[in-house]
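Numbering (this note's numbering), first residue to last: 14 to 541. Note that CB positions come from ideal geometry on N, CA and C, so glycine has one too. Contents: one structure, followed by commentary.
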């Protein structure tokens, strides 16, 4: 029985047929994305009169809240489960250790300067709040390459399992589509929809966009090769004449399903320019920690959140000393604990907020970082940054966007899954089994994998003890029923985090939710 396309597949189809703008609007309506609502730095004006605030969680939402509240004059205490701040803003580097649920411990053995971002790994240019904090905190950014026309689209079932360059599929698909539409226009079958004047302009635009010849046909040739690439590139000296690349037939492209990958860089949230912090995404959390690290109590596992008329009291355990229980109280509480964890904590809020906390499942995601002896993707295949897409369980291979054209080692993101069967399959494996699976799959795209591989590390987010999942995965019905109740101030408690935003899974959502939460809390404090 067919269940129809998934929401993610539906978004891909919308992006492919109607363009990135239409795809983004659909994503917004489904709660996947929204334009950043950042209006500039928050101004918490008015005297807080010595009020104190407990911030639960030192991810970006908690760190931003702590920074702004302290600057406004509040007494701030932060409780954090991990032995570091940043939450999902995290980079694994050589010497780091990570223990997942089930007890498997991995030690990262990457060489100096190499890293994996297990959580967020790119920043859209329109995530203005996050970019502003990077400026304020001195976090240096560099471009992140989302689209590389020379990266691959791959299907194990198409073209004998051989990957094809993105530029080949993109150009040939546009060319064939333009030729078909031009034929329809020439036959007058759009006369009721297009004026005579517009028809001539439409034909001209199709010829330009689709690289058609004077007869509006898409054919192999040197002109076409200027867009899709050559069989033999132009050279110098004798034998330097270029050879045109062969065009892939429309039916072959359609049946390959590789066109699905063309929408992966069309969505508004993935359009250039994107950024990454120099040295890893975790540099942002580290920069916040330099400002508010003295406020943080680490290794604090919250077990109860109680509130009365005038205060909030939080009970927590020190994870380095099992059995030791502590309590801390404050006038107010900003709770940024992921809902997947918060739903298992005794928290004293009303039924509407409790229902909202329980209503949001968390997406499953797996990332695998692989260190290789040399940057063979650059040396052998001229792939400098960008992402290759595949229907294999690893789904994506992302090439580093830094240190281009240098000798030495490099780390690939050898797998990135988001929900779906592949995420759950890989999550069920041991860390080493995941790495082996990534190598087996990667060899089908890059035969050099096994020969050049040195070490790897994997993070399956449903096995993460501090999140039990990657990010809040709202449904339309759940958002309609519960979102406002989740975000309301309940007595002296307000929630924040990417789950309390219309930009779930993005750091911008975490920051905007925190600023909104403390803005409303501050208003209540100063107004008495």
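Ranking 356, 428, 371 by CA distance to the CA of residue 379 puts 428 first. Looking at 272, 255, 415, 211, the one whose alpha-carbon comes closest to that of residue 234 is 255. Residue burial annotation: residue 487 is buried, with at least 16 other C-beta atoms found within 10 angstroms of its C-beta.
Inter-residue distance for residue 184 and residue 121 is about 41 Å (C-alpha atoms, whole angstroms). For residue 218, the enclosing alpha helix (DSSP H) has its first and last residue at 209-222.
Distance check between residue 472 and each of 337, 377, 399 places 377 closest, using alpha-carbon atoms only.
The same chain holds no residue with a CB closer than 6 Å to that of residue 321 once the five nearest residues on each side in sequence are set aside. Counting along the chain, residue 469 sits inside no alpha helix (DSSP H); it lies in the beta strand (DSSP E) bounded by residues 466-473. Take the alpha-carbon of residue 367 and the one of residue 67: they are about 20 Å apart. Within the segment 234-297, the complete beta strand (DSSP E) runs of at least 3 residues fall at 243-245, 287-290. Per DSSP, the continuous beta strand (DSSP E) segment holding residue 319 begins and ends at 313-320.
Secondary structure of residue 175 (DSSP, three-state): coil. Under the 10 Å beta carbon count, residue 169 is surrounded by fewer than 16 other beta carbons and is classified as exposed.
Residue pairing by DSSP places residue 339 opposite 329 in a beta bridge.
With respect to the C-alpha of residue 521, the residue from 494, 74, 64 having the closest C-alpha is 74. Per DSSP, residue 437 lies in no beta strand (DSSP E) segment; the continuous alpha helix (DSSP H) that holds it begins and ends at 433-440. Bridge pairing for residue 128: 106 [DSSP]. Within the model, the alpha-carbon separation for residue 95 versus residue 479 is close to 7 Å.
A Cβ-Cβ contact shorter than 8 Å links residue 119 with residue 111.
Nearest in C-alpha terms to residue 311, of all of 465, 70, 79, 213, is 70.
Judged by DSSP secondary structure, residue 353 falls outside any beta strand (DSSP E) and instead within the alpha helix (DSSP H) spanning 352-355. The beta strand (DSSP E) runs of length 3 or more contained entirely in the segment 377-450 are, from start to end of the chain, 378-385, 400-403, 409-411, 423-431.
When the beta-carbon positions are compared, residue 229 and residue 260 stay at least 8 Å from each other. Residue 156 carries a strand assignment under DSSP once its states are collapsed to helix, strand and coil.
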